[in-house]
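Just below is one structure, and these are the notes that go with it.
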Amino acid sequence: MPGIEYLLEALTPFNIMLALGGVIAGTIIGSLPGLTATMAVAVLVPITFSMPPASALILMGAIYTGAIYGGAYAAILLNTPGTPSAIATTFDGFPMAKRGDGDLAVTLACLASVAGGLVGAAFLLGLAPPLAKVALAFGPVEYFWLAVFGLTLISALSEGNLLKGLIGACFGLLLSSIGIAEISADVRFTFGSQVLLGGIETVSALIGLYCVPVLIDLVATPDRHLKVTHQPKGFRLIEALAISWKYKFNLVRSSVIGTLVGILPGAGGSIAGLVAYSEARRVSKRSEHFGTGEPEGVQATESANNATVGGGFIPTLVLGIPGTPPDAVILGALLIQGVRTGPNLFTEEGSIVYTFIYGLFLATILMLPVGLVIGRYAYKIIITVPKAMLVPTVAFMTMIGTFSIRNSVSDVIIMITLGVIGWILNRAGYSPSPIVLGLILGRIAEQGFVQAWTIGAATDELAAMFFGRPISLAIIAFIGLSLFYPLIRSRWTGRRRKVNAD
Amino acid sequence: MQTDHTENVVERDFGGMVTAAVFILVAVVALWDTTNMVDADSFVFPRAVAIAMIIFCMLLIAWGLIRPIPGDGEASAPGASTTRRVSLVAAMLGSTALMPWLGFLISGFAAFVSIMLIAMYDEWTPFRKLVYPLVCAAFVVGFYFLFAELLLVPLPIGGLFE
Amino acid sequence: MMKLIRLAVLAAVMVLPTSLVLAAGADNYPDKTVNYIIPFGPGGESDITARHQQSFFKKLFDEDLVISYKPGGGGAVGWSQLNGMKGDGYTIMGINLPHIVIKPRQKDVGFKTEDITGVYMFHYTPDALVVTSDSPFKTIQDIIDYAKSNPGKLTTSGSGKGTANHLAQIRFDKMAGVKTTYVAFKGTGKAVTALLGDQVRAEWGYTSIGAKHEGKVRLLAVAMEKRHPKFPDVPTFKELGFDIVSGAYRGIAVPKSTPEPIRVKLSEMIAQINADPEFRERMENDGMALLDVGYVDYQAFVDEKAKVYLEAAREAGVIK
Chain U
1 MPGIEYLLEA LTPFNIMLAL GGVIAGTIIG SLPGLTATMA VAVLVPITFS MPPASALILM
61 GAIYTGAIYG GAYAAILLNT PGTPSAIATT FDGFPMAKRG DGDLAVTLAC LASVAGGLVG
121 AAFLLGLAPP LAKVALAFGP VEYFWLAVFG LTLISALSEG NLLKGLIGAC FGLLLSSIGI
181 AEISADVRFT FGSQVLLGGI ETVSALIGLY CVPVLIDLVA TPDRHLKVTH QPKGFRLIEA
241 LAISWKYKFN LVRSSVIGTL VGILPGAGGS IAGLVAYSEA RRVSKRSEHF GTGEPEGVQA
301 TESANNATVG GGFIPTLVLG IPGTPPDAVI LGALLIQGVR TGPNLFTEEG SIVYTFIYGL
361 FLATILMLPV GLVIGRYAYK IIITVPKAML VPTVAFMTMI GTFSIRNSVS DVIIMITLGV
421 IGWILNRAGY SPSPIVLGLI LGRIAEQGFV QAWTIGAATD ELAAMFFGRP ISLAIIAFIG
481 LSLFYPLIRS RWTGRRRKVN AD
Chain E
1001 MQTDHTENVV ERDFGGMVTA AVFILVAVVA LWDTTNMVDA DSFVFPRAVA IAMIIFCMLL
1061 IAWGLIRPIP GDGEASAPGA STTRRVSLVA AMLGSTALMP WLGFLISGFA AFVSIMLIAM
1121 YDEWTPFRKL VYPLVCAAFV VGFYFLFAEL LLVPLPIGGL FE
Chain F
2001 MMKLIRLAVL AAVMVLPTSL VLAAGADNYP DKTVNYIIPF GPGGESDITA RHQQSFFKKL
2061 FDEDLVISYK PGGGGAVGWS QLNGMKGDGY TIMGINLPHI VIKPRQKDVG FKTEDITGVY
2121 MFHYTPDALV VTSDSPFKTI QDIIDYAKSN PGKLTTSGSG KGTANHLAQI RFDKMAGVKT
2181 TYVAFKGTGK AVTALLGDQV RAEWGYTSIG AKHEGKVRLL AVAMEKRHPK FPDVPTFKEL
2241 GFDIVSGAYR GIAVPKSTPE PIRVKLSEMI AQINADPEFR ERMENDGMAL LDVGYVDYQA
2301 FVDEKAKVYL EAAREAGVIK
């Protein structure tokens, strides 16, 4: 293994303490809706000035990976992605919790996160410099097609009514255009309001559209929030391990997807989770059950989003280009310490990088006991706390969390308003997920499209630009598969049934 | 739900269709706003999306009129209290609006307590009457400490106190 | 009853230190933590320069400088809220040129250039034309030759539209008599990625990119009066006959209600940080240039730069 001589350096008591403390702090912070991994890392940057660079990296990496995992708690138990990377976890996580399998879902999420994190770190360890080239090969066109691929998930998330899903997605796309446009310096859809200048903030929109409707319905009846079918004893670890082993291909595939998406600058845990979910659903034998509480779904998203941690560090360390938003902060902290990123980091300054990577492995492994314990407590708290305490706590957390994102009171108002709109839309049969998809992917799709168009038009290669590049073609192929595979498969199984019947 | 009187009472997805009509309005407003955009790059995408949205909405309304299917929205649980729902939203919005004036601690506490009352379905035993308010205060102060001191978020002090 | 008492105590605890500060004046300033708001997201260049200042602030003045972020609208959200903040010197905000000049002229963004009370402009990253190290373009002349024979085909990346990068491209095109195509990306990071990935032929960026990606990129020219100490082989635009001296300027502003003595004191403090030789070395090593425009000279400086920016912006069609 490369740099194995630095393994011992990663295991100094100081570094172990940093890894453990970082994972615990990160998990707790990530579980609070509104607090993102980026925020958690940003706050701790000044502390890292006095540490040696490798230790600083270990601490920040541990917090990062803990926060990405922690987002699963609120996603599963409250239908609120604690961090954007946990969006797709709500699709199957919350239904599982509602039918009484919340503790199983939490444990599954923990196992999947650890697996994903290890895969991502392994890629970072062995294949960082060559994989970094992938980051550069992804141009505006590829981002555009990737966003379109993400949007094909709409059909899966519309719960049968494709038109409503498409309308919701369009609404989300329009919402994403509000504010100052990056690509043209125009101000759009603000109608003179200063409040909307900054656009609709993604995390506050998530909390509004997913969590507030749940709260509104919680206060309406005296019923319990989640069904409790059995006394919570143990972690249901054996059960979760059995499920994880049964779907091990899903685990591996999703982790690889997550690592690759993490490498792409600007695409973070949320996109990784969505893409992995989409693929898992496509190839699963139980794809019709996705969305009703399928363990495979939770597995896919949680392993993918934790894999982005390791994957995101690849372009960050090799090219100095942040793979995900927390990486940008980490990069800044490194620069202050005088650490120059680049391939030399792996050869000349090997001690920093390899000590850090082994520390990341350590932090990921530590996430297993930490995650299981915290998860068990989180589950117990949510199901035992009386509604009169649960609702105000969650409501309060969403308000303070949303405020902290951009230190903006108007974001909180927007969140609550979107929440009411989301509740009304639920009543009318419109699911919030397509809207969220549109909101997140809209910016990526638009920027990619306009940039690709500008370059293509300038060089007179418009058609070749959009349809001539190898990576784009691969993504377009997946788009086709994603849209038509279910049809092909049902036709195929129908034919088999006919043959067997004859 | 379809009943035996399918001849007379035809279920239509009114909720879905009305919402689609509202969305058409939204798209039209969006299109209108694109007319005062200077740079061509700005309005290409929103216009395409708005037009697509209008088409989808019209399709939905047309489909709903031709082939009546019952709405597929979430049904309200029996005995759901609308008052409580509205009060919750009012409490959240109200306390947020007051935040710049009263500061985070006070408006947050007000929000917490009022939402607790809105969500209260159990009886007010003496134990609860004592413990619940204390827990409210503990939560509010605890979170305040976590965010303002540990995470260094500048929570509003409140115009009244400055 | 208990909660009322508790609330009263908490309220009193919050009011007391505030009133003490107001009474203090500039003599004891600063005697507690200063909140430094960056109107952008974390990890960007404004963040990094602020972090540099943070460590020296602590060293020189023995108080903490706490950095928080208020991103949105390319800085507009933060600047539009500046004057609504407490003006006691404990809340300061980063400002950027040309942003604060161009943005208010485009549309109603919630503030006007005159609303910003700047106390110091402490650094600038000069504009530079960047290419990859293996690019066929070795000098500015190569670029001009190519652009002349292939009008519109030379693609350059840059951060945003109506920004320093964009304006530099417009002015250069005009002065050199060529037509190049500018592709806007969200932030300098993405613009550099596009260059490194060969999505575009060149990038209108900053000298700091040359430092950050040393070995992978080449600076063709810098927009400075004299050559940058870190890149002695790179000519200035002026040397080559193009009067382009510009870049992104960064400074610090305070809410309008901040009293005069505190503004002056703050200006002196930033000057002190700027004068620290270790600070200078670190900034220059990261490819940035330092600038010393204090409180007294701030307005004249901004007005002068504004003239140039606005003209270029008008020509680009960015403003009417």
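These protein sequence lines map, in sequence, to chains U, E and F. For the first sequence, position 121 matches number 121 in our numbering, and the numbering has no gaps at all. For the second sequence, position 66 matches number 1066 in our numbering, and the numbering has no gaps at all. For the third sequence, position 43 matches number 2043 in our numbering, and the numbering has no gaps at all. For each residue, glycine too, the CB sits at the ideal point set by N, CA and C. Note that the coordinates shown come from a computational prediction; the quantities given were computed from them, not determined experimentally.
- With a 10 Å radius around the Cβ and a threshold of 16 neighbouring Cβ atoms, residue 2107 of chain F comes out buried.
- Interface annotation for the segment 48-62 of chain U against chain F: 49, criterion Cβ-Cβ distance under 7 Å.
- Judged by DSSP in its simplified three-state form, residue 221 of chain U adopts coil rather than helix or strand.
- Here the alpha carbons of residue 445 of chain U and residue 1029 of chain E stand approximately 22 Å from one another.
- Identification of residues in the segment 183-197 of chain U having a C-beta nearer than 7 Å to some C-beta of chain F yields 183, 184, 185, 187, 192, 194 and 197, given in sequence order.
- The beta carbon of residue 2264 of chain F sits closer than 7 Å to those of 2295, all from its chain and outside the five residues before and after it, given in chain order.
- Burial check for residue 2201 of chain F: the Cβ neighbour count within 10 Å reaches 16 or more, so the residue is buried.
- When rounded, the separation of the alpha-carbon atoms in residue 2132 of chain F and residue 2240 of chain F is 21 Å.
- Within chain U, no residue has its beta carbon less than 8 Å from that of residue 1067 of chain E; the closest one is some 12 Å off.
- As the crow flies, the alpha-carbon of residue 116 of chain U is around 45 Å from that of residue 2060 of chain F.
- Proximity of chain U to residue 2106 of chain F at the Cβ level (cut-off 9 Å) is accounted for by 180, 185, 186 and 187, in chain order.
- About 6 Å separates the CB atoms of residue 2273 of chain F and residue 2057 of chain F; that is less than 8 Å, so the two are in contact.
- In this structure, the CA atom of residue 99 of chain U is about 7 Å from the CA atom of residue 226 of chain U.
- One thing to note: residue 2047 of chain F has its Cβ no nearer than 7 Å to the Cβ of residue 323 of chain U.
- Contacts between residue 1154 of chain E and chain F, judged by CB atoms closer than 7 Å, involve 2035 and 2068 in chain order.
- A straight line joining the alpha-carbon of residue 334 of chain U with that of residue 340 of chain U spans about 8 Å.
- For residue 1104 of chain E, same chain residues with a beta-carbon under 6 Å away, outside a window of 5 residues either side, are 1155 and 1156 in chain order.
- Taking a C-beta distance under 7 Å as the contact criterion, residue 1061 of chain E and residue 1017 of chain E qualify as a contact pair.
- Where residue 53 of chain U is concerned, the enclosing alpha helix (DSSP H) starts and stops at 53-78.
- The Cβ atoms of residue 2115 of chain F and residue 2247 of chain F do not sit closer than 7 Å to each other.
- Under the Cβ criterion of 7 Å, residue 1099 of chain E is counted among the residues facing chain U.
- Bounds of the alpha helix (DSSP H) holding residue 238 of chain U are 237-246.
- The alpha-carbon separation between residue 122 of chain U and residue 362 of chain U amounts to approximately 12 Å.
- Residues of chain F with a Cβ closer than 7 Å to the Cβ of residue 46 of chain U are, in chain order, 2054.
- Beta-bridge partners of residue 2205 of chain F (DSSP): F/2128.
- When the alpha-carbon of residue 1150 of chain E is set against those of U/283, U/41 and U/394, the nearest one is in U/41.
- Annotated three-state conformation of residue 430 of chain U is coil, per DSSP.
- Residue pairing for residue 2181 of chain F: DSSP places it in a beta bridge opposite F/2155.
- For residue 379 of chain U, the three-state secondary structure derived from DSSP is helix.
- Interface criterion met: the Cβ of residue 407 of chain U is under 7 Å from a Cβ in chain E.
- When the Cα atoms are used, residue 27 of chain U and residue 1130 of chain E turn out to be separated by approximately 32 Å.
- The C-alpha of residue 2317 of chain F lies about 20 Å from the C-alpha of residue 447 of chain U.
- Going by DSSP, residue 2069 of chain F is part of the beta strand (DSSP E) stretching over 2065-2069.
- Going by C-alpha positions, residue 136 of chain U is about 13 Å away from residue 267 of chain U.
- With a beta-carbon spacing of about 14 Å, residue 307 of chain U and residue 280 of chain U fall beyond the 8 Å limit used to define contacts.
- Annotated as distal: residue 83 of chain U and residue 112 of chain U, with beta-carbon spacing of 7 Å or more.
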